[in-house]
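Working notes, beginning with the structure itself.
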Amino acid sequence: MAQQLSGKRYAEAIFELAQENNQVEQWGEDLAVVAEVFEDADFSALLKHADMPVANKLNATASVLAGVNPLVRNLVDLLVSKNSVDTISGVCAGYTELLDAHLGRQRVEITTAVPLEQSESDNISSFVTSLINSEVALTTKVDESILGGLVIQIGDRLLDGSIKARLDGLRNRLHTEIAASGQ
Numbered sequence: 011m012a013q014q015l016s017g018k019r020y021a022e023a024i025f026e027l028a029q030e031n032n033q034v035e036q037w038g039e040d041l042a043v044v045a046e047v048f049e050d051a052d053f054s055a056l057l058k059h060a061d062m063p064v065a066n067k068l069n070a071t072a073s074v075l076a077g078v079n080p081l082v083r084n085l086v087d088l089l090v091s092k093n094s095v096d097t098i099s100g101v102c103a104g105y106t107e108l109l110d111a112h113l114g115r116q117r118v119e120i121t122t123a124v125p126l127e128q129s130e131s132d133n134i135s136s137f138v139t140s141l142i143n144s145e146v147a148l149t150t151k152v153d154e155s156i157l158g159g160l161v162i163q164i165g166d167r168l169l170d171g172s173i174k175a176r177l178d179g180l181r182n183r184l185h186t187e188i189a190a191s192g193q
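Numbering (this note's numbering), first residue to last: 11 to 193.
This is the structure in structure tokens:
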């Protein structure tokens, strides 16, 4: 929780800096690179290792993030040198939220049982855009357990059109009817 709050504070500060420099989208792209790099569990573990000298950690981040804005790298270096590697994902997520709000964009996650074709993804994106009357940043994931259909997560709203949800609803109705009939 403390790292989330810390990450959010860092995100707010760097968003303000990016706005002052008219680079909010560029910083968003750079932070997406940072987030992807730090999703690698081995790389993160290496940077968290207590016996590894800070200079070696900073050299590792400098080589991996060579193409990233120097100010973004400085932030990463600061967090690495303060042993706050776990805060980096919160900074990236917090910045993305601020950027989306700034651009009037809504994050939408689509879950399907099988991978979507690009045309299907585009159709869903168009549908959701018209539904919420906002630009959409669509991400997709595959979860075979939903069996079919799709699940759309828009912020804190969930539209569950999966076969699994329908079967669960049917099972619950059957249990209710059996219980009501006294059998």
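Glycine included, each C-beta is placed from N, C-alpha and C at the ideal position.
- Query: For the 8 Å Cβ check, are there 3 or more pairs between the stretch 143-159 and the stretch 111-131?
  - Reply: yes
- Message: Check for me: the beta strand (DSSP E) holding residue 151 runs from which residue to which?
- Response: 145-152
- Task: Taking only runs that begin and end inside the stretch 146-191, name each unbroken beta strand (DSSP E) of 3 or more residues, in chain order.
- Result: 159-164 and 167-172
- Item | Simplified DSSP state of residue 127, which is helix, strand or coil | coil
- Task: Look up residue 139 in the DSSP assignment and give the residues it is bridged to.
- Result: Partner(s): none; residue 139 has no beta bridge.
- Message: As a quick exercise: from 115, 68 and 23, pick the residue whose alpha carbon is nearest that of residue 140.
- Response: 115
- Query: Since residue 118 is in the beta strand (DSSP E), which residue starts that stretch and which ends it?
  - Reply: 115-122
- Query: Closest to residue 58 by CA distance: which of 41, 40 and 98 is it?
  - Reply: 98
- Task: Could you name the residues of the same chain whose beta carbon sits closer than 8 Å to that of residue 147, not counting the 5 residues immediately before and after it, in chain order?
- Result: For residue 147, where only same-chain residues beyond five positions count, the Cβ hits under 8 Å are 110, 115, 116, 117 and 118.
- Item | C-alpha distance - residue 42 paired with residue 127, whole-angstrom precision | 24 Å
- Item | Coarse secondary structure for residue 78, derived from DSSP in three states | coil
- Task: Look at the alpha carbon of residue 80 and the alpha carbon of residue 26, and state the distance between them as a whole number of angstroms.
- Result: 16 Å
- Is it buried or exposed for residue 48, if we count other Cβ within 10 angstroms and need 16 for buried? buried
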